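Read in order, the letters of the sequence shown are residues 7 to 581 in the numbering used here. Backbone N, C-alpha and C fix where the C-beta goes; we use that ideal spot for every residue, glycine too. This structure is a prediction, so every number in the text was calculated from the model and none was measured.
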Amino acid sequence: MKFKKSALLVCALSGLVAAPVLTAVVNHSTVYAQTQVQPMLSLGASLNVQQADQTKALLGANSVALAKTIYVDGPTINRYLNDGSNINTAVYSSALIQPLPAGSGVQVQVVTPQNILLVKPTTYQNAAITSGAKDVLIKIATVTPVTGEGALTGVYALLEQAGIKVDKQAIVVAEKEIKIVEDAKKSTDITDNQINKLIAEIKTEVTNLVSSGNAVDGNEVVKKVLANNPTIKLPASTFEVLKQLALDYARTEVAKHTDTIKQIQKSIDVSENHPYAVDLSQYGDRVGFVAKSGSGYPSDIVVSLSEGKISYERGTAVGHFTAENISTRAIDVLNPDGTTRQVNVNTILHVPVSGLGDLSGDIFVFVNRDNQLALATPDYSGSTAVYLEYVVGELPVQAAPVESSETVAPVAPAETTETPAVPAETTEMPVTSETNEPVATTEVVDAPYAVDMDLVHDQGFFKREGMNIPEEIEYYKGISTLIMNNYYGGHFEGKAELHTIPTKEIRVFSHETNEIRTVSVNTMLEITPTDGGVERMMFYLFVNRDNKVSLATPNFAGNVEPDQTDVMLEYVQED
C-alpha cells in the first residue's frame, strides 16, 4: 500500500499546461515551443462551495473562466500515479497558474504556508521544471493542512486535457525529487536550500550532456557537483539516490533541451553563502505570523512585501522594513517550554527603531524544525535576552469574553513516579477539521497525565531501534495522520484520532534499556488504517522521565513471554 499523502495536495501545481513540453511528437523543437495561455485554475474536488470560493479568493482567481477550471479527484490521481487513490480520497489543494514573460523562469508562491506542512516552494520549483514547466507563476493554496508531498500530480490531468501526451518518466523523476529532498533533510544536516541547489546543478550538468549527445555517468555527475559545493557533506545513501536521480532525469524529454538550463538558472537561485536564506516572495505578498513562544505580545505580526511594511497587533502599530541576506549567524531562540535552542539564520528584516516604541528591532526569518516558516523577534516585553519565535499561521480572531466555566490546566506528572517540568492539558477540547469530522474527543475528563499537544511537533518523528519493528513512526498532527515503514515488511498509513481518556496504566519496554516499567496515560491515539486492512490500534502519548514526549505502540515484534503480551513499545520523539 502506498501512502496517499500525494492525494492531499495533488492538484497544487496542476496549472502547468502552459508548458506542453512532454509530448512524444518527433519534432522536438515544435514540442518545446512555449504556448501562451490564459490563467488556469485547478481545484480540489473535495472542496465544498464555501471552501472553493475561499480558495479562489486566496489565489486571486475569481475572474478565471469556468472553461479554464478543472477539478481533480482521487481516481484522476490514481490514473497517473497508480497509488491506490479512489473516490474516497480527499483532495483539497488548488492552484492558479499565470504565464510570465519569456525568460522569467518557474516561480512558485505558497499562499497558505501554514497549511503546507512538509514541502517547500523551492522543491516544487525544481520538480516543476523537471515536468517541463516554463516561464510560469504557480500560486498554491489549501484551506486544510496537508503534507505537500506529491504536489505535481494534478499537472498531468491538465496536460492530457490539453491533448498533450504525458512523459511518464517525468512523473517518476518529479515525484522522486520531492522525496529525495525530504529524506535528505531528515537524515542529514543539509538544508532545504542546499539539497535543492544540488539537484538543480545535477539537472544542469545532465542536460548539458544529453543535449550534446554525450553519455551520462551518474557517479561522475554527482561527484562533479559536490566538488563545486565543498561545504555540503552527504552520506553514501544520499549520494546513491542522487546518482540514480541523474540517470532517471537523463531519460526525460526535458533533459534533451538546453532551454531547460535557462529555466533552472532563472528559477533556482540559491547562493552557497546563504544556506539558511528564506525567499519571502515564495509565500505570497502578505504573510501573517502568530506567537509560538514568549509572552504572546504582540499576538500577531504581518509582513507585506509589496509595501515593505510590517504591522503588529492587527495593525495597531505599523512600520517599514528592508530585507537582506547576511552571513550565517547563530541566534538563541526561546522554545514554548521555556528552554532555548540555537538557530542558524541568513535572512534579516531591518526594522527601524523610530515610530514603533517597544515594537522595534531587527527580525530574522527562518524555517523551523517543524518545517514551518518562522520569525525570530526581540523579546518586546524585555523579560529575556533571547529571541522569541513566531510561526506562520491564521491571525487570531478579535478578543471575545472568556467563558466563566473555562479552567486552567494544572501541572501534572507524566508518569506514576515522576513529575515533569512541563504543564499537561487536563481539559483538551475538540479540534474540528475542514470536513467537520472531530479529531479529538469532546468529553472533559480528569486527566492529570494528559500531554500538552504543543509539545508534539507538527511533523513528529518517533524513533526506536529493534528487529522486525518500524524504526521510525511519523505523526502529522495537523492532518491527523500516522505513517510507519517496515510495518510487517510493508508500508502503513492511518488516520490518527486524538482522545483524552480516563487515567489508565500501561506497561512499556523502555526506549533504550528495554526494561519494563508502568506508565500512567490520559492521551490516546486511535489509529484507523486508510485501506481498512487491519483492525484499529490504540497508541498512547505521555511525557517520559526525561521530559520528552513518548509514544507507546503495540509490540510489533512479538516473541515475548506469556506474561508480557500486554507490554507496549516506547518510541521517543526526536528534538
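Original post:
Is it a yes or a no for the region 344-354 touching the region 306-315, going by three-plus beta-carbon pairs under 8 Å?
Top reply: As far as the Cβ criterion goes, the region 344-354 does not touch the region 306-315, which means the pair count is below three.
**OP:** List the residues that DSSP assigns as beta-bridge partners of ASP385.
**Re:** By 1-based counting over the sequence shown, the position of residue 385 is 379. Partner(s): none; ASP385 has no beta bridge.
Original post:
Using a Cβ-Cβ cut-off of 8 Å (strictly less than) and excluding sequence neighbours within five positions of SER1, which residues of its own chain qualify?
Top reply: Because the chain spans 7 through 581 in this model, residue 1 falls outside it and cannot be assessed.
Original post:
In three-state terms, what does DSSP make of ILE76?
Top reply: Within the sequence shown, the letter at position 70 stands for residue 76. The answer is strand: DSSP assigns ILE76 an E or B state.
Original post:
Which partner residues of TYR577 appear in the DSSP bridge assignment?
Top reply: Counted from its first residue, the sequence shown places residue 577 at position 571. For TYR577, which the question treats as bridged, DSSP gives the partners LEU557.
**OP:** Determine the direct distance from the alpha carbon of GLY290 to that of ASP364, and round the result to whole angstroms.
**Re:** Reading the sequence shown from its first residue, position 358 is the one you call residue 364. Reading the sequence shown from its first residue, position 284 is the one you call residue 290. Going from the Cα of ASP364 to the Cα of GLY290 covers about 28 Å.
Subject >> Length of the line joining the Cα atoms of ASP368 and LEU531 >> reply: Start at 1 with the first residue of the sequence shown, and residue 368 comes out as number 362. Start at 1 with the first residue of the sequence shown, and residue 531 comes out as number 525. If I take the Cα positions, the gap works out to 41 Å.
Original post:
Going by alpha carbons, who is nearest to THR559 out of PHE468, THR506, GLY219 and THR244?
Top reply: Position 553 of the sequence shown, counting from 1, holds the residue named residue 559. Answer by Cα proximity: PHE468.
Original post:
What residues in its chain sit with their C-beta under 7 Å from that of GLU580, if we drop five residues either side in the sequence?
Top reply: For the purposes of this step, residue 580 is taken as residue 574 along the sequence shown, with counting starting at 1. In chain order, PHE467 and LYS469 place their CB closer than 7 Å to the CB of GLU580, counting only its own chain and leaving out the 5 sequence neighbours on each side.
Original post:
Roughly how many angstroms lie between the CA atoms of GLY111 and LEU240, to the nearest whole one?
Top reply: By 1-based counting over the sequence shown, the position of residue 111 is 105. By 1-based counting over the sequence shown, the position of residue 240 is 234. Cα to Cα, the separation comes out at about 29 Å.
Original post:
Do the region 214-223 and the region 253-264 make contact, defined as three or more Cβ pairs closer than 8 Å?
Top reply: yes
Original post:
Helix, strand or coil for PHE562 per DSSP?
Top reply: The residue given as residue 562 occupies position 556 in the sequence shown. The answer is coil: DSSP assigns PHE562 none of H, G, I, E or B.
**OP:** Taking only the alpha-carbon atoms, compute the straight-line gap between GLY500 and ASP265 and give it to the nearest angstrom.
**Re:** Against the sequence shown, residue 500 aligns to sequence position 494. Against the sequence shown, residue 265 aligns to sequence position 259. Using only the alpha carbons, I get a separation of about 43 Å.
Original post:
For ALA96, does the three-state DSSP call read helix, strand or coil?
Top reply: The residue labelled residue 96 in the question sits at position 90 within the sequence shown. Of the three classes helix, strand and coil, the one that applies to ALA96 here is coil, per DSSP.
Original post:
If you draw a straight line from the C-alpha of LEU251 to the C-alpha of ALA176, how long is it?
Top reply: As a first step, residue 251 must be located in the sequence shown, where it is residue number 245. As a first step, residue 176 must be located in the sequence shown, where it is residue number 170. So the two alpha carbons sit approximately 11 Å from each other.
**OP:** Run the CB neighbour count on MET473, radius 10 Å, all protein chains shown included, and call it buried at 16 or more, exposed below.
**Re:** Along the sequence shown, read from residue 1 onward, the residue named residue 473 stands at position 467. Exposed, since its Cβ has fewer than 16 Cβ neighbours within 10 Å.
Original post:
Closest to ASN235 by CA distance: which of VAL178, ILE205 and HIS263 is it?
Top reply: The residue given as residue 235 occupies position 229 in the sequence shown. Comparing Cα positions, the closest option is ILE205.
Original post:
Would you say VAL117 and PRO127 are within 7 Å of each other, going by their C-beta atoms?
Top reply: For the purposes of this step, residue 117 is identified with residue 111 of the sequence shown, where counting begins at 1. For the purposes of this step, residue 127 is identified with residue 121 of the sequence shown, where counting begins at 1. Not a contact, by the Cβ cut-off of 7 Å.
Subject >> Neighbour-count burial assignment, VAL437, 16 or more Cβ in a 10 Å radius >> reply: Against the sequence shown, residue 437 aligns to sequence position 431. Residue confidence is low: VAL437 scores 33 on pLDDT, short of 50, so the model does not pin down where it sits. No coordinate-derived value is stated.
**OP:** Please report the residue range of the beta strand (DSSP E) in which LYS469 lies.
**Re:** Translated into positions along the sequence shown, residue 469 becomes position 463. Per DSSP, LYS469 belongs to the beta strand (DSSP E) from 465-469.
Original post:
The alpha helix (DSSP H) with GLU181 in it runs from where to where?
Top reply: As a working mapping, residue 181 is identified with position 175 in the sequence shown. It spans 174-193 - the alpha helix (DSSP H) in which GLU181 sits, taken as one unbroken run.
Original post:
Bridge partners of ILE522, per DSSP?
Top reply: Sequence index remark: in the sequence shown, residue 522 carries index 516 (1-based). Looking at the DSSP output, ILE522 sits in a beta bridge with PHE515.
**OP:** Sort VAL125, VAL179, ALA297 and GLN113 by Cα distance to SER137 and report the nearest one.
**Re:** Taking the first residue of the sequence shown as position 1, residue 137 is located at position 131. The candidate whose alpha carbon is nearest that of SER137 is VAL179.
Subject >> For ASN92 and LEU248, the rounded distance between their alpha carbons >> reply: Here residue 248 refers to the residue found at position 242 of the sequence shown. Here residue 92 refers to the residue found at position 86 of the sequence shown. Near 32 Å, if we compare the C-alpha coordinates of ASN92 and LEU248.
Subject >> Continuous beta strand (DSSP E) stretch holding TYR546: start and end >> reply: As a working mapping, residue 546 is identified with position 540 in the sequence shown. Where TYR546 is concerned, the enclosing beta strand (DSSP E) stretches over 543-549.
Original post:
Taking the alpha carbon of LYS62 as the point to measure from, which residue in GLU330, ILE475 and ILE146 has its own alpha carbon closest?
Top reply: Here the question's residue 62 lines up with position 56 in the sequence shown. Per the Cα distances, ILE146.
Original post:
Mapping DSSP to helix, strand and coil, what is SER287?
Top reply: Residue numbering aside, residue 287 sits at position 281 when the sequence shown is read from its first letter. Looking at SER287 - three-state DSSP - the assignment turns out to be helix.
Original post:
Leaving out five residues before and five after VAL403 in sequence, what residues of the same chain have Cβ atoms less than 8 Å from its Cβ?
Top reply: For the purposes of this step, residue 403 is taken as residue 397 along the sequence shown, with counting starting at 1. With a pLDDT of 42 at VAL403, under the threshold of 50, the predicted position of this residue should be treated as unreliable, though the coordinate-derived value follows. Once the five neighbours on either side are set aside, VAL403 has no close Cβ partner at all.
Original post:
With respect to the beta strand (DSSP E) encompassing GLY111, which residues constitute its N-terminal and C-terminal limits?
Top reply: Numbered from 1 along the sequence shown, position 105 holds the residue referred to as residue 111. No beta strand (DSSP E) holds GLY111; DSSP gives it neither H nor E.
Original post:
So, are the CB atoms of GLN104 and LEU47 less than 7 Å apart?
Top reply: Numbered from its first residue, the sequence shown carries residue 104 at position 98. Numbered from its first residue, the sequence shown carries residue 47 at position 41. The answer is no: Cβ separation not under 7 Å.
**OP:** Reducing DSSP to helix, strand and coil, say where LEU488 ends up.
**Re:** Taking the sequence shown and counting its residues from 1, the one referred to as residue 488 is at position 482. If DSSP states are grouped into helix, strand and coil, LEU488 belongs with the strands.
Subject >> Reduced DSSP category for ILE135 - H, G, I as helix; E, B as strand; rest coil >> reply: Taking the sequence shown and counting its residues from 1, the one referred to as residue 135 is at position 129. Three-state DSSP puts ILE135 in a helix.
Original post:
Mind checking whether LEU123 and PRO81 have CB atoms under 7 Å apart?
Top reply: Along the sequence shown, one-based indexing puts residue 123 at 117. Along the sequence shown, one-based indexing puts residue 81 at 75. Not in contact: LEU123 and PRO81 (Cβ atoms no closer than 7 Å).
**OP:** Leaving aside the five residues before and after SER317 along the sequence, list all residues of the same chain whose C-beta is less than 6 Å from its C-beta, in chain order.
**Re:** Your numbering for residue 317 matches position 311 in the sequence shown. Same-chain partners within the cutoff: VAL308 and VAL324.
**OP:** Would you kindly work out how many angstroms separate the C-alpha atoms of ALA190 and ALA96, rounded to a whole number?
**Re:** Within the sequence shown, residue 190 is the residue found at index 184, counting from 1. Within the sequence shown, residue 96 is the residue found at index 90, counting from 1. Each residue's alpha carbon lies about 28 Å from the other.
**OP:** Tell whether a beta-carbon distance below 7 Å holds between ASN498 and LEU575.
**Re:** Here the question's residue 498 lines up with position 492 in the sequence shown. Here the question's residue 575 lines up with position 569 in the sequence shown. Note that residue 498 is Phe in the sequence shown here, rather than Asn. In this structure, LEU575 does not lie closer than 7 Å to PHE498 by Cβ.
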